[in-house]
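A quick write-up on the structure given underneath.
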Amino acid sequence: LSAHFSNEVNESVMHAATVRSAIVKLDGTATTERDPSPIVHTSNYKEILEEAYHTEKAAAETYGRILPLVEELGDAELYDSLEVVYFDEQRSVEELRMMMKE
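Residue 80 in the numbering used here is what sits at position 92 of the sequence shown, and the numbering runs on without skipping anything.
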């Protein structure tokens, strides 16, 4: 699990940079607001995987809702960069789903 989550951390940092750049490109101000869902502290690996799965699924759903809005802007470069993030999140959801089956 350690290698998986280390990769996820690196991917999340890259996603944050992509989103920040998109916000700035659209003349917005990038801010951070923590999701109100509780942080579960556990050493039970099944619970860890379940929590990660729900987090990644929510992220994928969010990007899925954002992409059509970005597409309406007609900025193909911006759309492509956020679509990569969306696909990364979907891949993470599938990886976690498979890990939970083991």
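From the three backbone atoms N, C-alpha and C, an ideal C-beta is built for every residue, glycine too.
Note that the structure is predicted; figures quoted are calculated from it, not measured.
In the structure shown, the three-state DSSP call for Ser25 is coil. If the five residues before and after Tyr51 are omitted, its C-beta is found closer than 7 Å to the C-beta atoms of Leu70, Val73, Tyr74, Glu77, all from its own chain and listed in chain order.
Take the alpha-carbon of Leu61 and the one of Ser(-6): they are about 34 Å apart. Relative to Thr43, the option among Met86, Ile27, Ala(-9), Met2 whose CA is nearest is Ile27. The continuous stretches of alpha helix (DSSP H) do not include Glu90, and DSSP gives it neither H nor E.
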